[in-house]
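Quick note, the sequences are listed as chains A and B, same order. Mapping the first sequence onto this note's numbering, position 155 (from 1) lands on 155, and the numbers just tick up by one. Mapping the second sequence onto this note's numbering, position 137 (from 1) lands on 137, and the numbers just tick up by one.
Protein chains: 2
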Amino acid sequence: MANADTSQRILDIAERLVQTRGFNGFSYADIAAALNVTKASLHYHFPAKADLGQQLIERYERNFLAALQRIDEESKDARAKLRRYAALYREVLDNNRMCLCGMLAAEFATLPKSMREDVRHFFDANERWLAAVLQEGKRDRSLRFSGPAAQVAQTLLGGLEGAMMIARSYGDVARFEATCDRLLDDLES
Amino acid sequence: MANADTSQRILDIAERLVQTRGFNGFSYADIAAALNVTKASLHYHFPAKADLGQQLIERYERNFLAALQRIDEESKDARAKLRRYAALYREVLDNNRMCLCGMLAAEFATLPKSMREDVRHFFDANERWLAAVLQEGKRDRSLRFSGPAAQVAQTLLGGLEGAMMIARSYGDVARFEATCDRLLDDLES
DNA sequence: GTCTATAGGTGGATAGAC
DNA sequence: GTCTATCCACCTATAGAC
């Protein structure tokens with residue numbers, strides 16, 4: 001059976017590489033060098049690059065959803081939840097990374113089908129969570145917006161992903177934070 | 001001297017490839033196949049891929065700025081200008097493409113230095129134009145917003161780029177338009 | 001300007017020893 | 001599980017004939 005720890009370490013390195021360079025911007029050789037193993041042994045854990053990519057997204061989504069659940073449990077209202085959601089993105093950017101799925105969305109046309117479906121699944125899950133929080137915010141009066149919550153959720157997701165991508169081009173986290181504040185202030189007014 | 005027409009046709013193909021697949025997602029072989037020439041003859045026009053990439057961005061920005069100037073000349077007020085600005089993005093998406101520089105922003109870490117600078121230059125030019133239009137909208141009362149125009153401009157640019165990228169993953173232009181409307185309605189209220 | 005031919009490197013992936 | 005060795009396809013790029 002595959003050593004779970006080794007697989008996880010491979011995924012850790014690969015995740016960083018995809019988030020910084022993109023799925024088409026790294027190779028098995030890069031991971032091998034970082035882990036001091038041969039390319040061949042990577043193929044034992046992930047036979048094809050598409051397998052590696054798919055497991056990357058699925059692990060990323062599991063971890064992300066776990067973080068969202070912690071936010072649900074620990075936040076006092078919907079407004080606080082949104083602020084912590086945005087903070088998740090900022091933490092990624094702090095490490096000079098792009099959201100894994102935001103990066104893959106750019107490369108979408110070149111991805112194997114299984115990865116495409118997983119990317120969309122991640123976005124869907126994010127939007128569902130955001131829409132639920134927005135609805136909750138309307139009830140508890142901590143948030144204010146017009147139109148369907150699902151549409152606000154899409155705008156928020158796109159706004160954060162886009163701001164992240166551009167801010168990374170400038171190596172300027174403050175830039176991301178400013179956009180973040182604008183997007184959220186708007187819902188809190 | 002290089003045949004200008006051939007160079008332009010090469011750039012046309014390359015532009016489409018970058019906008020759909022990314023700079024690391026295509027090769028000289030792809031262009032050669034589309035144009036029915038050999039890879040070697042492409043190197044006559046663009047010795048290295050970095051040269052091709054740089055000229056791609058610079059031509060893209062020239063064309064984009066020309067479009068912005070037409071908008072300036074033909075629009076009745078700032079509000080109309082913003083709507084036409086957003087329409088530029090939608091037209092790109094209609095062709096199943098991503099904004100050239102939005103795509104390159106994702107691959108930023110893997111780009112040659114000259115291309116990085118050009119990508120940022122494109123964003124800078126966009127933000128300057130947007131900020132000027134926003135200021136104008138404040139004067140002519142066709143737009144309403146709080147805080148610095150430059151910050152609203154950044155939020156708008158990021159919002160459009162992000163919405164574009166995600167909408168393309170779903171092959172759903174309507175999704176982009178909905179986000180667009182939300183972003184702009186907000187400034188017109 | 002475009003071609004043939006090729007160099008020199010790297011990509012993902014596999015076979016089989018240990 | 002990891003290794004050596006290797007395959008083959010593809011990559012960017014160049015030399016030199018036409």
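All residues carry an ideal CB built from backbone N, CA and C; glycine is no exception.
Distance CB(residue i)-CB(residue j) smaller than 8 Å
{"i": "Leu143 of chain A", "j": "Arg79 of chain A", "result": "yes"}
{"i": "Asn24 of chain B", "j": "Gly25 of chain A", "result": "yes"}
{"i": "Leu118 of chain B", "j": "Glu161 of chain B", "result": "In the sequence as displayed, the identity of residue 118 of chain B is Asp instead of Leu. Not closer than 8 Å, so no."}
{"i": "Gln271 of chain B", "j": "Ala149 of chain A", "result": "Missing from the structure shown is residue 271 of chain B; chain B here goes from 1 to 189 and no further."}
{"i": "Ala43 of chain A", "j": "Ile10 of chain A", "result": "According to the sequence as given, residue 43 of chain A is His; it is not Ala. No, these two residues do not count as a Cβ contact at 8 Å."}
{"i": "Ala106 of chain B", "j": "Ala14 of chain A", "result": "no"}
{"i": "Arg21 of chain A", "j": "Ser169 of chain B", "result": "no"}
{"i": "Leu157 of chain B", "j": "Phe123 of chain B", "result": "yes"}
{"i": "Leu134 of chain B", "j": "Gln19 of chain B", "result": "no"}
Amino acids of chain A, ordered along the chain, whose beta-carbon sits closer than 7 Å to that of residue i
{"i": "Arg62 of chain B", "result": "In chain order: nothing, as chain A lies at least about 20 Å away."}
Length of the line joining the Cα atoms of residue i and residue j
{"i": "Leu184 of chain A", "j": "Gly159 of chain A", "result": "11 Å"}
{"i": "Asp77 of chain B", "j": "Trp129 of chain B", "result": "14 Å"}
{"i": "Val92 of chain A", "j": "Met165 of chain B", "result": "19 Å"}
{"i": "Ser189 of chain A", "j": "Ala4 of chain B", "result": "55 Å"}
{"i": "Leu56 of chain A", "j": "Ile31 of chain A", "result": "14 Å"}
{"i": "Asp172 of chain A", "j": "Gln154 of chain B", "result": "12 Å"}
{"i": "Met115 of chain A", "j": "Gln54 of chain A", "result": "5 Å"}
{"i": "Tyr89 of chain B", "j": "Ala33 of chain B", "result": "28 Å"}
{"i": "Gln8 of chain B", "j": "Leu35 of chain B", "result": "12 Å"}
{"i": "Ala190 of chain B", "j": "Phe64 of chain B", "result": "Outside the modelled stretch of chain B, which goes from 1 to 189, sits residue 190 of chain B, for which no answer is possible."}
{"i": "Ala50 of chain A", "j": "Asn126 of chain A", "result": "23 Å"}
{"i": "Leu17 of chain A", "j": "Leu111 of chain A", "result": "16 Å"}
{"i": "Cys180 of chain B", "j": "Ser41 of chain A", "result": "47 Å"}
{"i": "Ala167 of chain A", "j": "Phe176 of chain A", "result": "6 Å"}
{"i": "Leu82 of chain A", "j": "Lys39 of chain B", "result": "51 Å"}
{"i": "Arg182 of chain A", "j": "Arg84 of chain B", "result": "23 Å"}
{"i": "Leu187 of chain B", "j": "Ser27 of chain A", "result": "45 Å"}
{"i": "Thr6 of chain A", "j": "Arg62 of chain A", "result": "19 Å"}
{"i": "Ala67 of chain B", "j": "Ser146 of chain B", "result": "28 Å"}
{"i": "Arg139 of chain A", "j": "Arg139 of chain B", "result": "37 Å"}
{"i": "Gly137 of chain B", "j": "Ala163 of chain B", "result": "24 Å"}
{"i": "Pro47 of chain A", "j": "Glu74 of chain B", "result": "57 Å"}
{"i": "Arg97 of chain B", "j": "Leu52 of chain B", "result": "19 Å"}
{"i": "Arg141 of chain B", "j": "Ala87 of chain B", "result": "22 Å"}
{"i": "Val37 of chain A", "j": "Lys113 of chain A", "result": "29 Å"}
{"i": "Asp12 of chain A", "j": "Tyr60 of chain B", "result": "37 Å"}
{"i": "Asn95 of chain B", "j": "Leu104 of chain B", "result": "18 Å"}
{"i": "Ala174 of chain B", "j": "Asp72 of chain A", "result": "31 Å"}
{"i": "Ala29 of chain A", "j": "Ala29 of chain B", "result": "24 Å"}
Neighbour list for residue i in chain A, Cβ cutoff strictly below 8 Å
{"i": "Phe147 of chain B", "result": "The sequence as given places Gly at residue 147 of chain B; Phe does not occur at that position. Result: Arg182."}
Beta carbons nearer than 9 Å to chain A: which residues of the segment 152-172 of chain B have them? Val152, Gln154, Thr155, Leu157, Gly158, Gly159, Leu160, Glu161, Gly162, Ala163, Met164, Met165, Ile166, Ala167, Arg168, Ser169, Tyr170
What residues in the segment 96-124 of chain A have a beta carbon less than 9 Å from any beta carbon of chain B? Asn96, Met98, Cys101, Gly102, Met103, Leu104, Ala105, Ala106, Glu107, Phe108, Ala109, Thr110, Arg116, Val119, Arg120, Phe123
Check each residue of the segment 172-187 of chain B: if its Cβ is closer than 8 Å to any Cβ of chain A, include it; give the result in chain order. Arg175, Ala178, Thr179, Arg182, Leu183, Asp186
Near-chain B residues of the segment 16-39 of chain A - C-beta to any C-beta below 8 Å: Thr20, Arg21, Gly22, Asn24, Gly25
Note down, one range per segment and in chain order, each alpha helix (DSSP H) of at least 4 residues found wholly within the segment 119-172 of chain B. 149-170
Taking only runs that begin and end inside the segment 52-105 of chain B, name each unbroken alpha helix (DSSP H) of 4 or more residues, in chain order. 78-94
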